[in-house]
Every structure is written in structure tokens, then in C-alpha cells.
Amino acid sequence: MPAKLFVADVGVEIGLVCQRVLGAYGLSEEFDMAQTVMDLIGMPIVGGSSHMQKNNIANRLGLAG
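For what it's worth, the working numbering labels the leading residue of the sequence shown as 1416, then goes sequentially.
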């Protein structure tokens, strides 16, 4: 679970940075970057939201109150 949380969050950040670097090309439908970023934005939700994942990790570590 920690890996899923990390990969999803980092993937979104990397996609957004790449889109910013490409500027207008990153938003153009002629390039794959716009669709890639839209796909990445959904990743933290797949298999449970990031908040749910953090709660699950805390429960397994015995940190939940």
C-alpha cells in the first residue's frame, strides 16, 4: 500500500511538471501529454483515495486513534 500511495502521488507531480515544461504543447490534443496527465490525475483514487490509503497504513502501524 505505501508504494501505491507514493507512485500515484509522484506520478501526478511528474505529469504536471512535464506539462508545465511543454507549455501550450502540454495542453494540445495533438500531443499525448494532455491525455497522460488526465490519466495520472485519476491514479490516487484507484484502489481507494490517498486519504484512505494513509488511514490503512496508520492502522497497520498501530497509529490510528
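Just so it is clear, CB atoms sit at the ideal spot from N, CA and C, and this is done for glycine as well.
Own chain, CB closer than 6 Å to N1474, minus 5 neighbours either side, in chain order | none
Top-ranked residue by Cα proximity to V1375, from A1449, V1425 and D1424 | The displayed coordinates of the chain run from 1416 to 1480. Any statement about residue 1375 would go beyond what the structure contains.
How would you label L1478, buried or exposed, when you count the other beta carbons within 10 angstroms and need 16 or more for buried?
-> exposed
Per DSSP, what kind of secondary structure is F1421 in: helix, strand or coil?
-> helix
Close Cβ partners of A1423 (< 6 Å) along its chain, the five nearest in sequence each way excluded | So the qualifying residues of the chain are M1458 and P1459.
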